[in-house]
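Protein sequence lines correspond, in order, to chains B, A, E, X and S. Under our numbering, the first residue of the first sequence carries the number 1, and numbering increases by one thereafter. Under our numbering, the first residue of the second sequence carries the number 1001, and numbering increases by one thereafter. Under our numbering, the first residue of the third sequence carries the number 2001, and numbering increases by one thereafter. Under our numbering, the first residue of the fourth sequence carries the number 3001, and numbering increases by one thereafter. Under our numbering, the first residue of the fifth sequence carries the number 4001, and numbering increases by one thereafter. Virtual Cβ for every residue (Gly too), placed ideally from N, Cα, C. What you are looking at is a predicted structure, and each value in this text was computed from that prediction instead of being measured. One structure below.
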Amino acid sequence: MSEQILKDLHLFYPEITLTITFCAAIITDLIFRRTSIVVSSVVMIGLVITGILVLGQSGVQASIFDNMIAVDPFAYFFKMLIIITAILIVVFSLGSSELNSAGRKLGEYYSLLVALTLGMVLMAGASNLLMMYLALELSSIASYILSGYTREAPDSSEASLKYVIYGALSSGLMLYGISIIYGLTGSLDIYAINQVLAQGNYNTIALLIAGVLAMAGFGYKISAVPFHFWTPDVYEGAPITITAFLSVASKAGGFAMMIRFFKVTFIDSNAVSVPVGVWASLKGFEWYHLVAVIAVLTMTFGNLVAIWQNNLKRLLAYSSIAHAGYMLTGLVVLSNEGLAAIMLYFVVYLFMNLGAFYIVMLIANQTGSEDIEDYKGLGPRAPFITVALAIFLVSLTGLPPTAGFIGKLYLFAALLNHGWIWLAVIGALNSVISLYYYVRIFRNMYLRPSEQQQVTPLNFTMLQKVTVLVMLVPTILLGLYFGPLVQLAQASVKIFGTP
Amino acid sequence: MQLMGIGVLTWLTFLPVLGMVLVLLIPKDQKDAIRWSSLIVTLIQLLLSIGIFMKFDRGMAGINSEAGMQFVEKATWIDIKSIAWFGRIHIDYFVGIDGLSVTMVILTALISAVAILSAWNIEKSVKGYFALFLLLDAGMMGVFVSLDFFLFYIFWEVMLLPMYFLIGIWGGARREYAAIKFFLYTLFGSVLMLLAMIALYFSVNVYIDANGVIYSVTEAMKHGLDGLEKMYTFNMLAMMDPGNYVPGSLLAGAHTSMRYLAYVALFIGFAIKIPCFPFHTWLPDAHVEAPTAISVILAGVLLKMGTYGLLRISFPIFPDAMVHYSWMLALLGVISMVYGALVAMAQTDFKKLIAYSSISHMGVVTLGMASMNTQGITGAVFQMFNHGTITAMLFLIVGVIYDRAHTRGLNEFGGLMNQMPKYSGIMVVAFFAALGLPGLSGFISEAFALLGSFQTFRVLTMIAAVTIVITAGYMLWTLQRVFLGQLPEKWKGLTDMNTREAIMLWPLALIVIFLGIYPSPILDMMNTSLNALAGILDQARHATTMMGMN
Amino acid sequence: MNSFFSAFFAWLPNVQLAHFLIVSAVLFSLGLYGIMTRRNAILVLMGVELVLNAANINFIAFSRYGGANLDGQAAAVFVIILAAAEAAVALAIVLNIYHRFQTVNVDEISNLKE
Amino acid sequence: MSQELLLNLSIVILVLPLVGFTLMIFFGKRLPRQGDWLETSIIATALILAVTVLYQKMMLYPHETLALNFTWVDFHDVPGIGPMKIVLGFGIDNLAAIMLVVVTLISTLVHFFSIGYMQGDIRYSRYFAYLGIFSFSMLMIVLADNLFMLYVGWELVGLSSYLLIGHWYEKQSASNAAMKAFIVNRVGDIGFFIGIMILFANFHTFNLQEIFEAIHSGRIPFNSESWLTAAGILIFCGAIGKSAQFPLHVWLPDAMEGPTPVSALIHAATMVAAGVYLVARTFPMMTADALMLIAYIGAITAFISATIAIAQNDIKKVLAYSTISQLGYMVMGLGVGAYTAGFFHLVTHAMFKAGLFLGSGSVIHGMHHALHHQHDHHTDPQDIRNMGGLKSKMPVTYWTFLIYTLAISGVPLTSGFMSKDSILAGTLAFGSLTGQYLIPIIGFFVAGLTAFYMFRLVILTFYGEHKDAHRAEHLHESPKIMTVPLMILAALSFFIFYSSNPLDAANGWISKALERPESVVPASVAAASTEVFEEEHHHAHNTAMMLSLLVAGIGIAIAFAMYHWKKISADKIAETFSGPHKFLLNKWGFDDLYMGVVVNGTLAMTNMWKWFDNTIIDGAVNGAGSITKVTSFVSGKFDSIVIDGLVNLSAYLSGFSGLVLRKFQTGKVQTYIVFVVFSVMAFYFAFRLL
Amino acid sequence: MQLFDIVFYVFAFITLFSAFVVVFSRNIIYSAFSLLFTFFGVAGLYALLQADFLAVTQILIYVGGILVLLLFGVMLTNKVISVDIKTGTLQTIPAMIIVAVVAGSLSGLFYSTWKEVPTPASTVLKTTTRSIGEMLMTTYLLPFEIASVILLVALIGAAMISRREGKV
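Below, the structure written as structure tokens:
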């Protein structure tokens, strides 16, 4: 037993590193109370090391700690995604005046950021329902605290209160669902559960309610309609760095966990005569219909409501809801192709969404506003930054030659290839709707003059510009040359325990 | 034809991108440098296109045969090895032209150069204007040279954003509205097109060998399947070969409802660009608000992309659906013609009038190609070219007067003939060309289009012929309101055309006149290809008749 | 219908798995009701605790009746731990809210909305 | 001369005016005398060449058709049809050769006349340039051996007519008239074009000879004789427009807004005759039904316009209606089958009607000068009621004018007598062959009317005393450059140039040259064959001559009685029959009718469509928006959003539903939870039930 | 009715009735103290289910920890003058309907699914503490460690949030 644990440990180095980083950050914070730069450096180093360690797991297919955590290409992919996001968020945080002028030290902020990252990384690999719940709670609790980090801002406190109540309820629902699944199968291990279910003697109705309740938990994490209600309020209230982090990494973790859950648990693993790369849904519980409905609701709702937003953070919150909807469609098709499309979309989404949030933050740093009205006449004042924002927004809309287009292309391709024409049409029409509110932003930036009397150019440091470039270059490059990206996504659909 | 190891079509397409970079590097306040470098870029483009005109082999058909394409360039762009559950992905950078696209390439180069000239007096953020303009230019050129659907789609979409900004920033009073309307409309169409494209992708397969050479299914059977790998493709030419369709796939077969659906999706995408009757309302707004140069581009080139797309993609790929729906195309064409003309007559805004006349004239194109025979399609393609030059002239003409008078109200003018004789002379040419006067190019294309369509749709064409009168009516009425009669006191100070304006207008006028008398230089270029295209449709029609459908 | 009720009443005294589950279901529903209706944030949190307890009853009941595997009990242990952690954080947040808004009525804290 | 040379010569004739036009339009203003000499000498050269061509043609190749073809567009191997070329070309047969001379001759004379008449005009050189483009396009019609070039020329003469009518475009009426002329002509052209389309769709050629051969070999359009008839009638529609036949005759009187020499050239002698020429060209393919319709259209036109002419007071308007009437005659002549007669009348009419217009031009010129001297800008120099007694002031004008009038009235020894008589004989023959006697009746009645109103014109203009003695002092004869053309035309109005026998043109060279071509249509739908018709025609000749002399005499007599000797009071008659008089004065109300129904109708329709476009299609949203705007919760925000860009109904709907969906986001977390739990249960039940 | 059944009903009644009071009482203090009985009742149910370790844990953590925490919360967020601290309710009717549906369908589901489950042989004499302890050290080692991280996060977070502001 203990040898096994020791053997498993070395596949757990990234998480351990994160834990150590977390502790180190706390301790450093206690030592260097006056400045947070040391903590942030420690965190940065820890994250980078974690990233490197994750890289070492490329291609591994294993399940560790008694099937608690799977280390497989699928988890590897999402872990990388989360770590990269975390690194970028640390960089963002360094330059956020919202955080730095909050009159609070940021030691705890950074350490909690690591804890949050750890939660998400665990979500990516969790292969036991209890572990999933724990990982979800770890990331949730860290996010409750972080979204209320700027306590001075009433909005921030409110966001965190709503988040905690909503989150507790959602995880409670999920937990209740898990308990029913446990009752049905006598196990918490998803592989074992699948073994039981595959024999076919289960109560479909009980399974259905368990599935729906579990979906409430996952839906909450990926902010899918109708479990999304916390999203706009929290995104608006939370510090923008956290919003950005939640919108990408949290979603990635949630997606990873959900996909693993559905794909391992609710798949008829004994099904015969399915083509390679296509799965069969569990008989009697065609959950992909549920996912399809949720996907449609999510993208439509996100886009329609986003039209009316004036706060950019809130607008981006709705846009991120809509994007979750697009991504969910990839799960509906029940195939590796759809999965690869989701993952590909995530990479693209990472760059474009973080880019957009970062620029919103940079602009808010200087103008103090996230209101769309205050973006009037911004174009000439900050040409580079606004052009970059425009490109991110174009990418979010899904227009070529940006990466966003490739993401949508693969999703729609997966849908059409598996006959989900109506879903593809809805998705496509949704991207037309989304154009409208994205365009409002660059309309204000370029088409309308500033209402202020004095128009001064905004200045950005070289580091900020470089950071923007770090996200901008992939956004364009991946749109024009997406071969490696596709290969990566295709290679990462391997989930441990599935064919 | 290669320059510095790079094919001429690539030069044509990406030269404006280089130009854009160049423009972006020039400091903001050196406005003349920006203008001149943009102009030089487009002039080089024009020279290249003249070179193409010279070297173009009139005897090669193209359309659905790669061997018949000219100036072909093909390079691997995306290549992803196959895996267990997903086949090879291979997308080529594949450009080439045939008789169908060569006219459009030339037109694009020509109109771009002219439009740059007409934008000379833009003063508001010159740099941004020319940079976006050049990007737009690249996008347009790319659409016309692409032979790979994926590439085509990318270029198609690339133009949207520059267009949005060009209208939105430099446009008239309601520019925002017009710009977003244009954007939304076009995007709506293009997402449908995207879905059709994907559906096509998964329905068509070809074989590829180790060197990246593509074999159609038939060729592969001949060659033997050793060392060949099956894969889906975006290659338009492969999509045109019925033998390449995967049996049982979404779009396999002929006259299936899925094929009809895909055709309609593509059609809507293109019809919005044309713009065809129910999808046309973006056009008047966009035209009225756009700055002159953009109106010129819009009318001169952009609208052609819709009809070009139909001819290049919808017709050869879906000949069965085309045969099935040709009546609809013809009907929409006729409605556009009559309706556009009637609405044009009611306009008091000079630009809006011409915008609606564009709808009417593009209806001719639609009707012509709906005929599915050589004369009709020739007329249609030639009309695309002619409408490009003529309407460009008309918009330039409006631009000239607007620059001076700052109004476009038709009823505010009068008697300009005496005040601006040179201007009036060119305007008379343009107007009579637009109303289809023989001896000017517009007549020939309209005549061929109608002659062709009459063979297929007798009654519709007769109805369409009514526009001959309506067009004459509103064109002459406009001419009368603006040029004839007494000169109002307030316009006594208007100056005649200056040299720059003459330089941009006269070449177009000369082309219009020359092609009106002797259209063969252009017609010869496209003839072989259009015969091939008509042949494809003809075959489909016969097949349909045999099946007892239609 | 009558036969259903008679079977049900005959079944009632014979306590077994479903009895516990039904208690859990009612507790769960009461918890939900508390979360939905109480204005006071702390009472809302109490509702959350009820929900978690309900889930725990399920776990343990299933553990007892489902072939005596202790996974359910282990899970319940973790749920209790997490409930404590969550309660701590939630209360801290509520206190913070109280300092800021001088109220803990959840419905009054609704500045963030459409 | 070889055929090639002849053809090349004719092409030179064709191109010369175009060269003139190009030179004039670009350099005209800078040339000495604004280049009138250039254009005039060019056209005179063309005339000399044309006469040469005619002479040589008659001498050397009296029965051949010389043709020069070239491939204009090559469609190569057209799917479903095979190799297809569009071959255009020139053809010279006797018809064309004669027309060539007529056109160049009158054009030359008009050029000379214009040098005097247009002296000092602000757009003098432009005027000559336009004359050049007109001559070019008219010659193109004449020389074309295919429908395509014919149509091209057809439209181009329309253009030049537009430009010349609108020459004094500062006058609203002039520019209106120009527009009207062009548009009304285009209405006819639609028919012409559809006719061409029918033929091309079936025969894939524009060449008339080839089309005839194809029909002759039994291939008829869409295998239906009615389509053949339709094709004929539709092509004739072109003629209806161009030759101002009923019901499209309304443009020609208005076209008198152009300078008078232009009226002479275009709206009397040549362009308006193009319609007749077209019918003559396509005569072989006309079925009996088509010819019948043509005959009736001609007759009706002749009648209506002759009656209108009676009541007109404007010298040019009278001539205009007379022109329409005479064109109706020609068309009627062709329609009844009197091919030779119809075309012969075209030639003779060209001479005397051009003369009449130039004569009237001379009168107006004189009047204008006199009025100018008086500084009188109100009196209309064209109103015959202001004239009178010009006989002594302008003798040359008077005498030539009288000769033309005699010719048009059909008095023996004049050319008009011969041609008119021949047509009337044709109508009689037609009547006896088909039983349609209405046509000869109209024919003779109109002959009488013509004599009457023409002499009314002469009497009111030249006889009696001038209305204003003071003005009379300033009236002078026009200069030589104007009177010489008048004399030439007067000379050409005598029989001798056409036939040695003043009573019968049948043996004249022109009739010999213009033999009626044989019909190519299937016998079942063909009109009476040439042989049969000629037989009847010959029989009717003498009767026709007698009758026509009689009616002409009566007409002239009544005219003198009413206006010269004042035995009958014209005013009294007008009063007695005030209704009909007004009706005539109103030109049968055609203008009002068209204005009211067609023009206003179209404008109303266009406005309706514009409204439709702005309101229904585009504003589906903006309109729907205004209803919703009222509702409270949309409030003012909606407006700005709509204006901001909800483009259509769907956009509106999506915006609206977004607005509704927003309402879920209440900000109260417990409400959210209600929604969540509700959704969970909803999903659960939905999936249970499915 | 055996003793087991009677005891079950007693505990079930205590649990549900007190939970009912928790949810419906307008007095916060009443609610808080009722919660105490709920937790006890649940602990009793655990005991009936032979989960002795959990029954004890339930009382220790819930009653000793969470409930006290909640009571502190109540006290800190109200100006305590008497035990009569009222609080309002909202959206009771929709909540009532939904909750009734939830309770009904869940109960029905449980009843129909697990109506007749044979009671396994009793293991009364053997305590579960040891087994659970072993599981926490073997199978559930990882969750155990993660739980500790979660507690640490909660600790730091709670401390950070409730710390007086302004003090760095």
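The Cβ atoms of A:A1178 and A:A1290 lie closer than 9 Å to each other. Ranked by Cα distance from B:A489, the options B:G59, B:L175, B:I20, B:V38 are led by B:G59.
Taking the Cβ atoms as the reference, A:A1392 lies roughly 6 Å from A:A1299, within the contact range of under 8 Å. The beta carbon of X:Y3563 lies closer than 7 Å to those of R3456, I3459, L3460, A3570 in the same chain, with the five residues before and after it left out. In this chain, the beta strand (DSSP E) harbouring X:P3083 covers 3082–3092. Among the residues facing chain E, S:V4153 is included, as its CB has a counterpart in that chain under 9 Å away. Between S:A4158 and B:T21, the alpha-carbon positions lie close to 20 Å from each other. Nearest to X:F3134 by C-alpha distance, out of X:G3667, X:H3267, X:N3501, is X:H3267. The three-state secondary structure of A:Y1232, taken from DSSP, is strand.
Put simply, of B:Y76, B:R34, B:F346, B:I426 the residue whose alpha carbon is nearest the alpha carbon of B:L53 is B:Y76. For the stretch 1345–1426 of chain A, the continuous alpha helix (DSSP H) assignments of 4+ residues that do not extend past its boundaries occur at 1350–1370, 1374–1405, 1416–1419, in sequence order. Interface annotation, E:N2111: not in contact with chain S, CB-CB separation never under 9 Å.
When C-alpha distances from X:S3529 are compared across X:Q3312, X:P3221, X:G3337, the shortest belongs to X:G3337. One finds nothing in chain A with a Cβ atom closer than 8 Å to the Cβ of X:M3024; even the nearest lies about 13 Å away. Counting of Cβ neighbours within 10 angstroms places X:L3689 among the exposed residues, the total staying below 16. For A:W1011 and A:L1117, the gap between their C-alpha atoms comes out near 21 Å. Take the alpha-carbon of B:G419 and the one of X:V3680: they are about 28 Å apart. Taking one beta carbon from each stretch, the stretch 1154–1166 of chain A and the stretch 1130–1144 of chain A have 3 or more pairs nearer than 8 Å; the two touch.
Three or more beta-carbon pairs separated by less than 8 Å are not found between the stretch 350–368 of chain B and the stretch 1004–1018 of chain A, which leaves the two stretches without contact. When only Cα atoms are considered, S:L4076 and B:I307 end up about 42 Å apart. Of all C-beta pairs linking the stretch 24–41 of chain B to the stretch 71–89 of chain B, fewer than three are shorter than 8 Å, placing the two stretches out of contact. DSSP links S:Y4030 through a beta bridge to no other residue. When the alpha-carbon of A:I1513 is set against those of A:T1378, A:F1443, A:T1348, A:L1479, the nearest one is in A:F1443. When secondary structure is reduced to three states using DSSP, B:D371 falls in the strand class.
When Cβ-Cβ separations below 9 Å define contact, A:A1271 makes no contact with chain B. In the three-state reduction of the DSSP assignment, X:N3507 falls in the coil class, being assigned neither a helical nor a strand state. Shortest Cα-Cα distance from A:L1450 to any of A:I1511, A:M1427, A:M1372 involves A:M1372.
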